[in-house]
Each structure stands twice: as structure tokens, then as C-alpha cells.
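S.K.:
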Amino acid sequence: MSTLSEDELVAASAPGVGPHPQPWPDDARYDPVLLADGDRRNVADRYRYWSMDAIVADLDARRSPLHVAIQNWEHDFNIGSIVRTANAFNVETVHILGRRRWNRRGAMVTDRYLHVEHHADVPGFLAELAERGVVPVGVDNLPGSVPLETTELPERCCLVFGSEGPGLTDELVAGCERLVAITQYGSTRSLNAGAAAAIAMYHWALRWAR
Ligand SMILES: C[S@@+](CC[C@H](N)C(=O)[O-])C[C@H]1O[C@@H](n2cnc3c(N)ncnc32)[C@H](O)[C@@H]1O
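The working numbering puts the last residue of the sequence shown at 299; the count rises by one with no breaks.
1. Leaving out five residues on either side along the sequence, give the residues of the same chain with a beta carbon under 6 Å from the beta carbon of Trp113.
2. Which residues does DSSP pair with Ser252 in a beta bridge?
3. Output needed for Val106: all residues of its chain with C-beta closer than 7 Å, excluding positions within five of it in sequence on either side, in chain order.
4. Buried or exposed for Leu295, going by 16 or more other Cβ atoms inside 10 Å?
5. Over what stretch of residues does the alpha helix (DSSP H) that includes Val145 continue unbroken?
6. Look up Leu277 in the DSSP assignment and say whether it is helix, strand or coil.
7. Would you mind sorting Tyr165 into buried or exposed? The rule is 16 or more other CB atoms within 10 Å of its CB.
8. Put Tyr138 into one of helix, strand or coil per three-state DSSP.
9. Quick one: residues in its chain with C-beta nearer than 7 Å to the C-beta of Asn230, no 5 flanking neighbours on either side, listed in chain order?
10. What residues match up with Cys265 in a beta bridge as DSSP calls it?
11. Compare the Cα-Cα distances from Asp116 to each of Pro110, Asn131, Trp139, Val122 and report the closest residue.
12. When DSSP builds the beta bridges, which residues end up paired with Tyr202?
Here is the structure:
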């Protein structure tokens with residue numbers, strides 16, 4: 090028969106790690122509350138018990154030169170998923186274009202470890218990229234796209250994704266240095282935007298991730 094209380098059983102089955110055994114590490118990156126209570130966050134093992142500020146500082150020290158942008162014309166549930174993948178590839182900045190508010194559900198708090206910038210309009214976004222020396226690359230299966238699989242993306246680029254439904258707007262397409270498309274082999278017209286974004290970031294990482 091189990092001798093654990095109901096609370097202990099719940100804690101034991103939760104993801105992450107429980108309270109840190111004594112003695113605690115003598116390092117300012119560790120968060121005393123997490124050391125005492127346990128760390129149930131979805132973070133890589135090397136960041137267990139670190140404060141969020143310490144994790145962000147460590148990520149900042151080795152960000153990829155990759156940017157990602159998403160057109161937010163609809164309340165698209167894919168945006169959260171794209172943000173989560175952008176965190177996994179430790180991109181430099183995520184840009185949200187259009188509406189300021191976006192559906193954070195799929196992000197699973199990963200946006201807090203990233204730099205997310207909002208741009209009300211396309212010209213402002215493109216000017217910001219140009220100032221930072223970042224090449225805008227549109228990712229969509231539109232006329233004029235070249236296959237992503239046989240394209241070498243610039244190292245310092247911003248992969249730009251459209252909303253579920255309309256895709257990239259004509260204004261944004263006109264501002265991109267090139268368009269790339271993921272070749273498809275079935276009957277559906279397009280991929281889910283979150284899946285397309287993951288493939289495109291992975292393609293960039295195969296060539297440039299350090
Ligand atoms: C569902 S698609 C919508 C529009 C699409 N142009 C169409 O013709 O149906 C939404 C977004 O997912 C991405 N996407 C979907 N399939 C893609 C593919 N095969 N290649 C590149 N991007 C794709 C693009 O960023 C696109 O703007």
C-alpha cells in the first residue's frame with residue numbers, strides 16, 4: 090500500500106524535478122523558490138532550477154542569427170506553435186506583423202525566453218530588418234517561389250510566414266528578397282503554417298546552426 094499523500098502523488102507524477110536536495114548550489118543563476126519547491130517548467134535539463142532571467146541571459150549569449158516573422162491577420166492558433174519552434178532554434182527575434190494580440194496557447198510560455206517584437210505595418214517591419222542587415226525571405230507556395238530543398242538561405246535572414254487561410258499578403262511578398270516553397274507530394278494545397286515553419290527553420294539550421 091502507498092504511504093504517499095495525495096499531494097505527494099500528484100507532485101511525483103508532475104513533469105520536471107522536485108525540491109533540490111541540500112546543500113544547494115552556490116550560484117546566482119539558481120532561483121531559491123525553484124530550489125525549494127521543485128522545477129516543473131518545460132525547460133532543458135541544463136536549465137533546471139535557473140531563474141528565467143538567467144536562462145534568457147544564457148540564450149542571448151548564443152542566439153542564432155535567424156529571425157522569424159508571422160503575419161497576424163487572423164487569430165491563428167499556429168502562431169504559438171511557430172513561437173515555440175523559434176525558441177527551440179533559439180532565434181534572435183520573432184516579429185509579429187499586424188494585430189498586436191496573438192493566440193499564445195501553443196507557445197507554452199516559450200515567448201518569455203525570446204525577443205518578440207510587434208510591427209503594425211509592413212514598411213516599418215522591412216525598414217527594421219534593413220537597418221539590422223537581415224534579409225527577408227518569404228516562405229509560401231506562391232508563383233515565383235523556388236524549392237526550399239535546393240535553396241541555400243542567407244545566414245542572416247528572416248523567414249516570413251503567412252496566416253492560415255490567406256497566406257502572405259502581396260505587400261509583404263513584394264518586400265521579400267525571394268520566395269521559397271516546401272515541395273509537396275500529396276493532394277492538399279498547403280501545409281499547416283506551424284508545420285511549414287518548423288521545416289523551414291530546420292532547413293536553415295542544417296546549413297547554419299552552430
Ligand atoms: C495554409 S498556408 C495558406 C496559403 C497558401 N499560399 C495557399 O495557397 O493555400 C499558410 C502559411 O503556411 C506556410 N506554408 C504552407 N504550406 C507551405 C509550403 N508548401 N511551402 C511554404 N510555405 C508553406 C506559408 O507561410 C503560408 O503563408
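For every residue, glycine included, the Cβ atom is placed at its ideal position computed from N, Cα and C.
M.R.: On the basis of the data shown:
1. Numbered from 1 along the sequence shown, position 24 holds the residue referred to as residue 113. Here the set comprises Leu124.
2. Stepping through the sequence shown from its first residue, residue 252 is reached at position 163. Ser252 pairs with Gly256.
3. Numbered from 1 along the sequence shown, position 17 holds the residue referred to as residue 106. Answer for Val106: Gly127, Asp128, Arg137, listed in chain order.
4. On the sequence shown, position 206 is the one that residue 295 refers to. Exposed is the call here.
5. Residue 145 sits at position 56 when you count from the first residue of the sequence shown. From DSSP, the alpha helix (DSSP H) with Val145 extends over 141-149.
6. As a position in the sequence shown, residue 277 is number 188, starting the count at 1. Here residue 277 is Thr; the residue named in the question, Leu, does not match the sequence. In the structure shown, Thr277 sits in coil (DSSP, three-state: anything other than H, G, I, E or B).
7. In the sequence shown, residue 165 corresponds to position 76, counting from 1. Per the sequence shown, residue 165 should be read as Asp rather than Tyr. Per the 10 Å Cβ criterion, buried.
8. Position 49 of the sequence shown, counting from 1, holds the residue named residue 138. Of the three classes helix, strand and coil, the one that applies to Tyr138 here is coil, per DSSP.
9. Counting from 1 along the sequence shown, the entry for residue 230 is found at position 141. Ala270, Ser279.
10. Sequence index remark: in the sequence shown, residue 265 carries index 176 (1-based). DSSP, once it has assigned bridges, lists no residue as partnering Cys265.
11. On the sequence shown, residue 116 is found 27 positions in, with the first residue counted as 1. Of the candidates Pro110, Asn131, Trp139, Val122, the one whose C-alpha sits nearest the C-alpha of Asp116 is Trp139.
12. Against the sequence shown, residue 202 aligns to sequence position 113. BP columns for Tyr202 are empty, so no partner.
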